[in-house]
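**Q**
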Amino acid sequence: MDASNHPATLAFAIDRSRPVPLTTQITATLRMAILDGQLEPGARLPSWLDLAAQLGVSRGTVKAAYESLEDEFLVVPCGAAGTRVAQPRTSIVPPTPNAEAISIAAPLSEITRSFSERPLPFQMGVPAQDAFPAKLWARLRTRAVREDASAPVAAPDPRGRPELRAQIAANLAITRGIHCHPDQVILTSGYKNGLCLTLLVLQLQGQRAWMEDPGYPIARMALEFAGLEIVPVPVDAEGLDVARGIAMAPDAAIAIVTPGQQAPTGVTMSAERRKELIAWAERHGGWIVEDDYLSELQLDRRAAPALMAGDTSERVIHVGTFGKTLSPALGLGFVVAPLPLAQRFGEVAACLNPAPNLTTQLAVANFLADGHFLRHLRQMKALYRDRRNGLCARLNGYAMPKSFAGLAMVMPVPKDVDDVVLSREAFRHGIAPAPLSVFHHDRSKAAPGLLLCVTNLRGNVLERACDTLEKLLGGASTGNMRRSDLVEA
Ligand SMILES: Cc1ncc(COP(=O)(O)O)c(C=O)c1O
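Sequential numbering of the sequence shown, starting at 531, is according to my numbering.
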């Protein structure tokens, strides 16, 4: 007699005290038995009824477990012949790589802390989580999920939802002085994605790009990946030194700038420099990418208008993000394309880079439409100002001069200290300042320092974080934190 016609007997360990649904536990046991080979291809599983009786669960629970396995192509229903273990196909059983033998460094591990870890004090790029309107957001998202679930399913607009693009256009007029048509607004997953879309549209491979020096290291890497040659243009108290840029590379195809609050110096580009930059682009047919990562989040006054607000040359591509103003967890940003490029941006988005997160888009549209966004910005500015003042008062005794840039304090460290090693050491002690030197084109020539973001320094976190920082700084000029590129006197 064919043994495979006898239902398999298996030892099940069902634990009702675990917060794991019974269906999931049954599925896991059977999956393991199949992948381990304990249940061979063709073997018959017990009927729903028998296994339900054996385990003291409902028939529906077993049925749901079998259906999950069927979805994973691990079992096949064979009518009267019962449910059978599927014949293996190489594509069905996932290979089990030897995880220890493989080491793939996480992206950007040289310059950032691991992704997806809990944010630490001083960490750049994370907003005040304690001040995020979580209840309101959950309500808006639930509403959006419900609306989306009952809406007729049609191919979404690759530029993003019209209602959000209209809200963003209206909001930009108020907060950034930009007057644009909603069809000039193309949604992205954030600034980096906006830069990617822009580079896809412009196709500038092999050409030169002005990059602020110091400047956002990820943008610098992005341009290199996109096949551009970087021209590091110095930044001074008025922002990008346009005259130097022209002297270094008058024929550059593109300039990437942070005119609102320069990253990492915090300088707002002067009116004169804005004019010079736009005039250069207009004269020579260059493009300007305006990285408006902080938007209206200027802590000391009303933020200066966007560069695009004063551009009649149609050479500025404005790239925004909700990463700082709301949360990077939304994965949402936008590009405002100059009118002559708007259609092309839409075409490229449609073919290569359609807008993400339909439901999130709807929730953000409602967040803006109901007036929550401007209120949230106002509250965040006040909160970050308080936190910045708290940090300033706490570190008052530290001898080196400090300044503020955007949402961070810039703290120089003794010149013999390697700020990258110091930051890594800081992570191990539970704080996450960013090294300043990585913003420089030539790190070995940069004065070392730390960027201390103030956004998540709430209550007693500030005190503990500063204690840790001071201890680290105390020992930083000795041992392995010294710069290896400095020649001993
Ligand atoms: C200068 C600068 N630009 C842009 C961004 C935001 O990028 P994204 O929206 O892709 O997270 C950051 C984030 O830290 C930044 O520092």
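Quick reminder that beta carbons are idealized off the backbone N, C-alpha and C, glycines included.
No experiment lies behind these values; they were computed from the predicted model shown.
Taking all protein chains shown into account, decide if K975 is buried (16 or more other Cβ within 10 angstroms of its Cβ) or exposed.
**A** In the sequence shown, residue 975 corresponds to position 445, counting from 1. By the neighbour-count rule (16 or more Cβ atoms within 10 Å), K975 is not buried but exposed.
**Q** Which residues mark the beginning and the end of the alpha helix (DSSP H) in which G655 is found?
**A** As a first step, residue 655 is located in the sequence shown; it is residue number 125 there, counting from the start. Taken as a continuous stretch (DSSP letters only), G655 belongs to no alpha helix (DSSP H), as it is neither H nor E.
**Q** To the nearest angstrom, how far is the alpha carbon of R546 from that of T559?
**A** The residue labelled residue 546 in the question sits at position 16 within the sequence shown. The residue labelled residue 559 in the question sits at position 29 within the sequence shown. Going by the C-alpha atoms only, they are around 14 Å apart.
**Q** Taking only the alpha-carbon atoms, compute the straight-line gap between A739 and R643 and give it to the nearest angstrom.
**A** Locating residue 739 in the sequence shown gives position 209, where the first residue counts as 1. Locating residue 643 in the sequence shown gives position 113, where the first residue counts as 1. Taking the straight line joining both Cα atoms gives about 28 Å.
**Q** Specify the secondary structure class of I698 as computed by DSSP and reduced to three states.
**A** As a first step, residue 698 is located in the sequence shown; it is residue number 168 there, counting from the start. Note: I698 maps to helix in three-state DSSP.
**Q** Excluding the five sequence neighbours on either side, which residues of its own chain have a C-beta within less than 8 Å of the C-beta of D713, listed in chain order?
**A** Counting from one through the sequence shown, the residue named residue 713 turns up at place 183. These residues qualify, in order along the chain: R689, R695, A872 and G876.
**Q** Our contact map puts V865 next to T728 with C-beta atoms below 8 Å; I'd like the distance itself, whole angstroms only.
**A** Looking up residue 865 in the sequence shown gives position 335. Looking up residue 728 in the sequence shown gives position 198. That pair is a contact at about 6 Å.
**Q** Nearest to R831 by CA position, among G790, Y721 and Q584, is which residue?
**A** Counted from its first residue, the sequence shown places residue 831 at position 301. Among G790, Y721 and Q584, the Cα nearest to that of R831 belongs to G790.
**Q** Taking the alpha-carbon of L1005 as reference, which of H536, L837 and V951 has the nearest alpha-carbon?
**A** Residue mapping note: residue 1005 aligns to position 475 of the sequence shown, counting from 1. Sequence check: residue 1005 is Gly here, not Leu. The candidate whose alpha carbon is nearest that of G1005 is V951.
**Q** Should the stretch 706–721 be called in touch with the stretch 878–890, which here means at least 3 C-beta pairs below 8 Å?
**A** These segments touch.
**Q** Considering Cα atoms alone, identify which of Y721, L837, F652 and Q659 is closest to S800.
**A** By 1-based counting over the sequence shown, the position of residue 800 is 270. The residue with the shortest Cα to Cα distance from S800 is L837.
**Q** Can you list, in chain order, every residue whose CB sits closer than 6 Å to a heavy atom of ligand 1?
**A** Going by the Cβ distance cut-off, the answer is M654, G655, G720, Y721, K722, Y746, T788, A793, D821, Y823, T851, G853, P858 and G863.
**Q** If you follow the beta strand (DSSP E) that C983 is in, where does it begin and where does it stop?
**A** As a first step, residue 983 must be located in the sequence shown, where it is residue number 453. Counting along the chain, the beta strand (DSSP E) containing C983 begins and ends at G979 to C983.
**Q** Please identify the residue among E742, L907, L579 and P884 whose C-alpha is closest to the C-alpha of A833.
**A** The residue given as residue 833 occupies position 303 in the sequence shown. Among E742, L907, L579 and P884, the Cα nearest to that of A833 belongs to L907.
**Q** Skipping 5 residues on each side, what residues in its chain have a beta carbon closer than 8 Å to that of Q735?
**A** As a working mapping, residue 735 is identified with position 205 in the sequence shown. Cβ neighbours of Q735 beyond the five flanking positions: A756, G757 and L758.
**Q** Please report the residue range of the beta strand (DSSP E) in which V894 lies.
**A** In the sequence shown, residue 894 corresponds to position 364, counting from 1. Element bounds for V894: not the beta strand (DSSP E) but the alpha helix (DSSP H), L888 to A899.
**Q** State the start and end residues of the unbroken alpha helix (DSSP H) segment that holds I634.
**A** As a position in the sequence shown, residue 634 is number 104, starting the count at 1. Looking at the DSSP string, I634 is not in any alpha helix (DSSP H), and its letter there is neither H nor E.
**Q** Counting pairs of beta carbons, one from the stretch 607–614 and one from the stretch 560–574, are three or more of them closer than 8 Å?
**A** These segments touch.
**Q** Measuring straight from C-alpha to C-alpha, what distance separates A785 and C983?
**A** Here residue 785 refers to the residue found at position 255 when the sequence shown is read from its first residue. Here residue 983 refers to the residue found at position 453 when the sequence shown is read from its first residue. If you take the alpha carbons of A785 and C983, they lie about 26 Å apart.
**Q** I'd like the span of the alpha helix (DSSP H) that includes I808, first residue to last.
**A** In the sequence shown, counting from the first residue as 1, residue 808 sits at position 278. Start and end: A801 to H814.
**Q** Taking the alpha-carbon positions, what's the E812 to R845 distance?
**A** Here residue 812 is taken as the residue at index 282 of the sequence shown, counted from 1. Here residue 845 is taken as the residue at index 315 of the sequence shown, counted from 1. Straight-line Cα distance between these residues: approximately 7 Å.
**Q** Counting along the chain, where does the alpha helix (DSSP H) carrying G876 start and finish?
**A** Residue mapping note: residue 876 aligns to position 346 of the sequence shown, counting from 1. Run containing G876: L869 to L882, per the alpha helix (DSSP H) assignment.
**Q** L1003 and V943: beta carbons closer than 9 Å?
**A** Counting from 1 along the sequence shown, the entry for residue 1003 is found at position 473. Counting from 1 along the sequence shown, the entry for residue 943 is found at position 413. Yes.
**Q** Hey, how far is the Cα of S857 from the Cα of C710?
**A** Your numbering for residue 857 matches position 327 in the sequence shown. Your numbering for residue 710 matches position 180 in the sequence shown. Each residue's alpha carbon lies about 24 Å from the other.
**Q** Which full runs of the alpha helix (DSSP H) of 4+ residues lie inside the stretch 562–621, going along the chain?
**A** Taking only runs of at least 4 residues, the alpha helix (DSSP H) segments lying wholly in the stretch 562–621 are 578–585 and 589–601.
**Q** Does the Cβ of K805 have 16 or more other Cβ atoms within 10 Å, making it buried, or fewer, making it exposed?
**A** Locating residue 805 in the sequence shown gives position 275, where the first residue counts as 1. Result: exposed.
**Q** Any chance the stretch 634–651 sits against the stretch 839–853, with 3 or more Cβ pairs inside 8 Å?
**A** Contact fails: fewer than three Cβ-Cβ distances are below 8 Å.
**Q** Using DSSP with H/G/I as helix, E/B as strand and the rest coil, what is G863?
**A** For the purposes of this step, residue 863 is taken as residue 333 along the sequence shown, with counting starting at 1. Of the three classes helix, strand and coil, the one that applies to G863 here is strand, per DSSP.
**Q** Report the three-state DSSP secondary structure of R1012 (helix, strand or coil).
**A** If you number the sequence shown from 1, residue 1012 lands on position 482. Strand, per DSSP.
**Q** In this structure, how does DSSP classify A684 when only helix, strand and coil are distinguished?
**A** Here residue 684 refers to the residue found at position 154 of the sequence shown. Reduced to three states, the DSSP call for A684 is coil.
**Q** Among A629, F603 and A783, whose alpha-carbon lies nearest the alpha-carbon of Q617?
**A** Stepping through the sequence shown from its first residue, residue 617 is reached at position 87. When only C-alpha atoms are compared, the closest one is F603.
**Q** Look at the Cβ atom of G544, then the Cβ atom of L599, and state whether they are nearer than 9 Å.
**A** Here the question's residue 544 lines up with position 14 in the sequence shown. Here the question's residue 599 lines up with position 69 in the sequence shown. Just to set this straight, residue 544 is Ile in the shown sequence, not Gly. No. Outside cutoff.
**Q** Give the range of the alpha helix (DSSP H) segment to which A938 is assigned.
**A** By 1-based counting over the sequence shown, the position of residue 938 is 408. Counting along the chain, A938 falls outside any alpha helix (DSSP H), though it belongs to the beta strand (DSSP E) covering A938 to P942.
**Q** My assumption, with CB atoms under 8 Å, is that I760 sits in contact with V968. Please give the rounded CB distance.
**A** The residue you call residue 760 lines up with position 230 of the sequence shown. The residue you call residue 968 lines up with position 438 of the sequence shown. In fact, because the Cβ distance is near 14 Å, the residues do not count as touching under 8 Å.
**Q** Here's the rule I'm using: 16 or more other beta-carbon atoms within 10 Å means buried, otherwise exposed. How should E1018 be labelled?
**A** Translated into the one-based positions of the sequence shown, residue 1018 becomes position 488. Interpretation of E1018 is limited by its pLDDT of 44, a score under 50 that renders its predicted location unreliable; the figure taken from the coordinates is listed afterwards. It is exposed - the Cβ of E1018 has fewer than 16 other Cβ atoms within 10 Å.
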